[in-house]
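To start, the structure itself, in structure tokens.
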Amino acid sequence: MPYKEKEIEKQYYTIGEVAAIFEVAPSLIRFWETEFEQLRPKKSKKGNRQYTAKDIENLRSVYHLVKERGFTIQGAKEVLKNKSVQTKDKIDMIQSLEKVRSFLVGIKDQLNTKA
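Here our numbering is used: the first residue of the sequence shown is 17, the next is one more, and so on.
Listed below in structure tokens is the structure:
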């Protein structure tokens with residue numbers, strides 16, 4: 017079994033890094049912070065936002081509902097308030113399936129190039 021290097025995780029991410037992860041503008045993330053009480057990142061002494069992995073997971077839930085599923089801001093607020101655990105489970109399941117799909121597509125492409 018080949019050696020697999022452990023992935024290094026940062027403790028805090030800047031708003032620019034988080035925006036790049038979700039491919040959205042930092043202003044949209046700041047707007048969502050005003051609308052969703054789940055999104056409250058820690059701020060440094062300078063006032064810079066510092067997102068933890070938990071903050072990014074909360075943001076992923078909001079992103080999924082608003083951008084991927086097409087909910088309005090108010091609709092996403094209600095879903096997160098009423099079915100927070102169910103929503104997170106579904107989002108986790110979708111992400112897992114997307115990773116499996118991309119892995120399988122990669123294998124298919126490798127097989128096609130060898131043939």
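Heads up, the beta-carbon is just placed ideally off N, CA and C, and yes, glycines get one too.
Item, Value
"Rounded C-beta distance between A92 and V78? I'm assuming under 8 Å.", "6 Å"
"Do L81 and D71 have their beta-carbon atoms positioned less than 8 Å apart in this structure?", "no"
"DSSP has R65 in a bridge; who is on the other side?", "K59"
"According to the Cβ coordinates, are F38 and L75 closer than 8 Å?", "yes"
"Exposed or buried, which one is R117 when buried takes at least 16 other CB atoms within 10 Å?", "exposed"
"If you drop the 5 nearest sequence neighbours on each side, which residues of the same chain put their C-beta closer than 6 Å to that of Y29?", "Y67"
"Would you mind giving the Cβ-Cβ distance between I31 and R65, rounded to the nearest angstrom? I have them listed as a contact below 8 Å.", "5 Å"
"Going along the chain, which residues of its own chain have a beta-carbon closer than 7 Å to the beta-carbon of G86, five neighbours each way excluded?", "none"
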